[in-house]
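Each remark here refers to the structure printed beneath this line.
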Amino acid sequence: MELNMFFNHHPVIPKNQIGLPFKVDKAFKRENGTNRVWLTYSFSKKALFCSVCLAFESKETNSFNSNCGMVDWKHVYQRIEEHERTILHGRNCDAYFMHLKNKTIDKLLYSQYPHKRNQKVINNRQILSTIINVIKFIGKTGLSYRGNLNEAAYSLENENIDHGNFLEIVLLISKYDIIFKKHLDVIIKASKRAHEKGNTRRTGNFLTFLSKTTINSIISIITKIMKKKMSVEILEAEMFSVEIDSTQDISTKEQCSVLIRYVYMGNIIERLFSLIRCTDTTGKGFEALVLNVLEKERFKISTFNVVMDIVVEAMNNRFLKNMDICRDMAILDPNNFEEICNKKSLPDNCMKYLSAKIIKYNSTATSSQLKEALLSFASNWEKLKLTLEDTYKTNYDLDLHIIEDDYDDEDGIDTVNLPNSSEITDVKLKKNICKSCKNCAICCYTVILKYNMFQGAYCALATAYQYLLTLPITQVECERSFSVLKYIKNRLRNRLTDDRLESFVIMNVEKSILNTVDNEEVINSLAAESSLLKKALIY
17 MELNMFFNHH PVIPKNQIGL PFKVDKAFKR ENGTNRVWLT YSFSKKALFC SVCLAFESKE
77 TNSFNSNCGM VDWKHVYQRI EEHERTILHG RNCDAYFMHL KNKTIDKLLY SQYPHKRNQK
137 VINNRQILST IINVIKFIGK TGLSYRGNLN EAAYSLENEN IDHGNFLEIV LLISKYDIIF
197 KKHLDVIIKA SKRAHEKGNT RRTGNFLTFL SKTTINSIIS IITKIMKKKM SVEILEAEMF
257 SVEIDSTQDI STKEQCSVLI RYVYMGNIIE RLFSLIRCTD TTGKGFEALV LNVLEKERFK
317 ISTFNVVMDI VVEAMNNRFL KNMDICRDMA ILDPNNFEEI CNKKSLPDNC MKYLSAKIIK
377 YNSTATSSQL KEALLSFASN WEKLKLTLED TYKTNYDLDL HIIEDDYDDE DGIDTVNLPN
437 SSEITDVKLK KNICKSCKNC AICCYTVILK YNMFQGAYCA LATAYQYLLT LPITQVECER
497 SFSVLKYIKN RLRNRLTDDR LESFVIMNVE KSILNTVDNE EVINSLAAES SLLKKALIY
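Note that the numbering used here has the sequence shown beginning at 17, numbered continuously upward.
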């Protein structure tokens, strides 16, 4: 690259004779009329140089490749011819012509190195992508990923022992993947040599991509990416509510499930955002825990309404301070539209408290605007609801396995009364399809979105319905997440760390988010954790 830049500027041939102590044509042309393409003139040093000898440095020097250049103007033409006949100049000319043909020593020795390195990186990324897919599969299905013993690489050739789900799946894939098979063969041989020599620690530059450290890093990265994707949706939705509840796991640790409910692109979504160990189960303890979780994900808590359902509070006290807002939201129920149309007016204090809650999200959501929009919408509801579909898909992503909290015996779950696979499939299909009742808040919000009325006359009303649908009614989804928790952390896996437990529960619950995690993003994040991984995974 440097030589190319040098020869882009050289040789320098003066365009005229003014101020020069030699004749340009005589110096830069031979007697036979050919050009001396090696000769160059420096206006700053007022000297002649050999551009070829300058470019290809040598221990031998003369006036043409020295710092001062050739300034013997009395014998200038004689000196030019003498230099042209020197052995040094001839060797440098040969090197120059080799450079033009890309056959320099550097090119011949290292021209294939970038290609081979890129191919190695491609293979490494392909191997790691397969490993990431295995981890996703284990997380999605709720399987244990590590065995109790026999995880050493030198033992992988022995098919008569159990290496754990992760390594067994890896070994199965290697039977059908040549690149993966070659990678396993290399690490098995290297591990055997180290084991036979009695080395308990492997060398630092030996990458297997199957070590406990690497796998744990990948699990953490996947969880971070999933939370990031959820955060993007929540921030776009602007308003959300938080559902929290706690339970004891098999090791008697108090685990708190944090779910977030929000309306995104017209769909009501509830996501398991975090599963965190808690030590204080009081109302203040829950509040501090939730604020810590949300602030860790960079949510501006002051901007949003955080609605926490604390089980320890009595039902009447829970809603006593919110009766006014409850009355305002009750008016949004289509069952009350007929009465609203008959009266043709709303009370003066109607929508006052609801407006105070949502005005921060929509500056047009004043009480007067809300009443005007609701009166108009209620009068047109009978016609609008006829355009709704008979059924629509729900977007509750907590498609969980309902598992008994208590095992019938020490062997595990009683499978006698479990439904067959066809019944389970029917239940799942029915769960994902909701009959359009055409008489609820969801149907009202669906109509407003369907005809883009949220951008016009019903802008404030759309915000009111979004706020209403954001509020949770029950904590069923928290209870379902506990079922997954007890399925993943059972008697056989009671030593699972809190971080790994959270990762596997989120992967199992939020399958739709897990499926959108890009393997390339995971690989790039992993490569940033060390210089060795960066060299192996980045082009």
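No residue lacks a Cβ here, since even glycine has one placed at the ideal position from N, Cα and C.
Which of the three DSSP states is assigned to Gln482 in this structure? helix
Less than 9 Å separating the beta-carbons of Leu223 and Asn140? yes
Please report the distance separating the alpha-carbon of Glu212 from that of Ile203. 14 Å
For Cys272, which of Ser547, Glu286 and Leu517 has the nearest alpha-carbon? Leu517
Tell me, to the nearest whole angstrom, how far the beta carbon of Ile143 is from that of Ile231; I am working on the premise that it is less than 8 Å. With a Cβ gap of about 13 Å, Ile143 and Ile231 do not count as contacting.
What first and last residue would you give for the alpha helix (DSSP H) that runs through Leu187? Asn181 to Ser190
Just how far apart, CA to CA, sit Tyr161 and Leu226? 12 Å
Run the CB neighbour count on Gln94, radius 10 Å, all protein chains shown included, and call it buried at 16 or more, exposed below. exposed
Please state the DSSP three-state secondary structure of Lys132. helix
Opening and closing residue of the beta strand (DSSP E) in which Arg277 lies: Glu270 to Tyr280
Please classify Asp340 as buried or exposed, where buried requires at least 16 neighbouring CB atoms within 10 angstroms. exposed
Is it true that the CB of Gln482 sits closer than 9 Å to the CB of Met246? no
Three-state secondary structure assigned by DSSP to Ser257: strand
With a threshold of 8 Å on Cβ separation, who are the neighbours of Ser233 within its own chain once the five nearest residues in sequence on each side are excluded? Leu542 and Glu545
Quick test of your reading: Asn378 and Thr479, contact by CB under 8 Å. State the CB separation rounded to the nearest angstrom. 4 Å
Spatial neighbours of Thr380 within its chain, please: C-beta separation below 7 Å, excluding the five flanking residues on both sides. Cys475 and Ala476
Supposed contact pair Lys156 and Lys527 - C-beta distance, whole angstroms, cut 8 Å: 6 Å
DSSP on Arg162, reduced to helix/strand/coil? coil
Considering only the beta carbon of each residue, do Val258 and Arg277 sit closer than 9 Å? yes
Comparing alpha-carbon positions, which option in Glu537, Gly163, Lys39 and Leu386 lies nearest Lys149? Going by the sequence as given, residue 149 is Asn instead of Lys. Ranking the options by Cα distance to Asn149, first place goes to Glu537.
Mind checking Arg209: buried by the 16 CB within 10 Å criterion, or exposed? exposed
Would you mind stating whether Val500 and Val463 have Cβ atoms separated by less than 9 Å? no
Roughly how far, in whole angstroms, is the beta-carbon of Ile260 from the beta-carbon of Asn510, given that I think they are within contact range, below 8 Å? Between Asn510 and Ile260 the Cβ distance is about 24 Å, and since that is not below 8 Å, they are no contact.
Close-in-space but distant-in-sequence residues of the same chain around Pro488 (CB under 6 Å, 5 per side omitted): Ser257, Glu259 and Arg277
Among residues of its own chain, excluding the 5 on either side of Ile195, which ones have a beta-carbon nearer than 8 Å to its beta-carbon? Asn139, Gln142 and Ile143
Using the Cα positions of Val137 and His179, report the straight-line distance between them to the nearest angstrom. 28 Å
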